[in-house]
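Counting from 130, one number per residue, gives the positions in the sequence shown under our numbering. Encoded as structure tokens, the structure appears first; notes follow it.
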Amino acid sequence: MKNRGLPYRSIRKRSSRMVWGLPLYDIAMGPDPAKGELRGHARGIVAIGDFATGILALGGVARGIVAVGGLALGLLLGVGGLCTGALAVGGLAIGGIAIGGGAIGGIAIGGGAFGYYAVGGGALGEHVIDGMRQDPEAVRFFGNWLPFPLEFPYRHSRN
């Protein structure tokens with residue numbers, strides 16, 4: 130690795146306890162001049178690093194059953210700027226249930242939502258609730274999930 134004259138800090142910690150052939154935890158952040166790596170790649174049950182792969186993965190690019198990071202590729206849960214998962218929550222969320230600024234999924238909730246059931250400022254799908262319309266099936270479906278009413282039956286008269 131080229132020495133640019135800038136100070137850097139690197140963290141490398143790995144558990145000695147192994148589960149299913151993986152360390153219980155692995156932390157790899159920052160450059161590693163000995164290996165010639167610019168970014169750390171953590172692999173473990175709990176993985177924390179610039180790149181993280183594990184059951185619980187936290188990092189800039191995270192891959193795992195539960196993933197949290199800038200780019201989070203989760204199987205069950207993804208939380209991050211761009212994320213995927215059965216439940217995805219983030220800036221751009223793609224999953225079975227997607228919640229985010231941009232949401233794409235079977236059930237999509239967000240500013241821009243695209244899904245079979247969709248709620249948002251700009252929503253596209255089969256059953257939609259947005260600023261212009263309230264599909265009765267979508268109102269029934271989301272009414273069972275959300276703690277607040279989706280319809281506003283009270284009209285104020287101008288007397």
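All residues carry an ideal CB built from backbone N, CA and C; glycine is no exception.
Under DSSP, the beta-bridge partners assigned to residue 152 are 147. Distance from the CA of residue 186 to the CA of residue 271, rounded to the nearest whole angstrom, comes to 31 Å.
CA-CA distance, residue 171 to residue 189, rounds to 11 Å. Counting every other CB atom within 10 Å of its CB across the protein chains shown gives residue 167 a total below 16, marking it as exposed. Boundaries of the beta strand (DSSP E) around residue 255: 251-258. Residue 180 has 170, 190 as its beta-bridge partners, per DSSP. The continuous alpha helix (DSSP H) containing residue 265 extends over residues 265-272. Between the alpha carbons of residue 243 and residue 221 lies a gap of roughly 11 Å. As the crow flies, the alpha-carbon of residue 225 is around 35 Å from that of residue 146.
Taking residue 194 as the centre and dropping the five residues before and after it, the same chain places the C-beta of 184, 204, 205 closer than 6 Å to its C-beta, in chain order. Around the beta-carbon of residue 227, 16 or more other beta-carbon atoms lie within 10 Å, marking it buried.
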